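> Residue numbering for the sequence shown follows the working numbering, starting at 3 and increasing by one per position. There's a structure below that I have some questions on.
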Amino acid sequence: MLTSSPAAGTFKPRHPGMLTVVTSDVPTAGFWEGTAAHPTGGFEYELARDLANRLGLKSVQIRIEQFNHVIDGDLGDGDLALDLITPTSQRKQNLDFSAAYLTDPPAVVVRSDTNIPDLATAQGVRWGAITSTTFVGDIRSLVDPNSPVRIYDQQADMLAALADGRIDAVLMDLPLAVAMADRSNGKLTVVAQLPVAEDIAAALPKGSGNRQAVDSAMRAFTATGIIDQLLKKWVGPAAANADKAIPLLHTTRR
3 MLTSSPAAGT FKPRHPGMLT VVTSDVPTAG FWEGTAAHPT GGFEYELARD
53 LANRLGLKSV QIRIEQFNHV IDGDLGDGDL ALDLITPTSQ RKQNLDFSAA
103 YLTDPPAVVV RSDTNIPDLA TAQGVRWGAI TSTTFVGDIR SLVDPNSPVR
153 IYDQQADMLA ALADGRIDAV LMDLPLAVAM ADRSNGKLTV VAQLPVAEDI
203 AAALPKGSGN RQAVDSAMRA FTATGIIDQL LKKWVGPAAA NADKAIPLLH
253 TTRR
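Structure (structure tokens):
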């Protein structure tokens, strides 16, 4: 079935009448609430629902896949992935991307008893990151810590290591960092942001004929304020101005 978008392009779903969306972690605070089988909300889930509605599809189905598999181009039977994915030249070899639906800096998340006021302090703490994310390179190139970055396969494992003191700091996309801190019962805080902004976009299988329709939809969602509305509803009003409220960490990039 070919579904005509109200904007440019046509969309051919893998499963008739259904948008199949791939992501790596459900639940993820503010972005995917509930379970994959029974989602209850979240920024990216509601974005998927709005996208399905715009494309004339009746429902959204969620597929869970490891992040490193997704960026290698393995979306299984998914139509697209919504997983806070930053387009990079390397990833574009395996995937096609829509227009960005968010553009935000990476933010530093720590336990509430930890402070990172400057680069020297940042270099002296133990960092963690999820494998295959852009944050691995960001930490190594912009912070250049004294000890190796500890790599985790899953976000839950990384956050557990942060909570119990095996690591001291992690990077997350700013809206997710704000959501995680807000829902941590005071255990986590966002202490800094890095001086770079990274686009976040929907990822589609390489060569997908659906890219134009998804790209058009994302541009429309940004232009009409839907993205801002979803961000305020699911991540919180503070997320909209977090880039102005959170201190900048002066890094090795001058």
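Using N, Cα and C, we set each Cβ at its ideal position, and we do this for glycine too. None of these values were measured; they are calculated from a predicted model.
Leaving out the 5 sequence neighbours to the left and right, which residues in its chain are closer than 6 Å to ARG152 when beta-carbon positions are compared?
Only GLY130 and ILE169 meet the Cβ criterion.
> Suppose you measure from the CA of ASP239 to the CA of LEU233; what does that come to, to the nearest Å?
Note on identity: in this sequence residue 239 is Pro, with Asp being the wrong assignment. Taking the straight line from one Cα to the other gives about 8 Å.
> Given a cut-off of 8 Å on the beta-carbon distance, is the pair PRO15 and LEU59 in contact?
Yes, they are a contact pair.
> Pairing CB atoms from the segment 166 to 180 with CB atoms from the segment 115 to 130, are three or more of them under 8 Å?
Contact holds: three or more Cβ-Cβ distances are below 8 Å.
> Identify the residues that DSSP records as bridge partners of GLN214: which are they?
Partner(s): none; GLN214 has no beta bridge.
> Between ALA38 and ILE73, is the Cβ-Cβ spacing less than 8 Å?
Not closer than 8 Å, so no.
> Check for me: the alpha helix (DSSP H) holding GLN262 runs from which residue to which?
There is simply no residue 262 to check, as the chain begins at 3 and stops at 256 in what is shown.
> Can you tell me which residues form a DSSP beta bridge with ASP27?
Looking at the DSSP assignment, ASP27 forms no beta bridge with any residue, so it has no partner.
> Return yes when the Cβ of LEU104 is within less than 8 Å of the Cβ of VAL62, no when it is not.
Taking 8 Å as the Cβ cut-off, VAL62 and LEU104 do not qualify as a contacting pair.
> Just to confirm the assignment, what range does the beta strand (DSSP E) spanning ARG152 have?
Residues 152 to 154.
> Considering only C-alpha positions, which residue in the set VAL193, ALA203, ILE228 and THR30 is nearest to ALA247?
Residue VAL193 is the option with its Cα nearest to ALA247.
> Identify every residue that forms a DSSP beta bridge with LEU206.
For LEU206, which the question treats as bridged, DSSP gives the partners ASP98.
> Three-state secondary structure (DSSP) at PHE1?
Nothing can be reported for residue 1: it is not among the residues displayed for the chain, which extend from 3 to 256.
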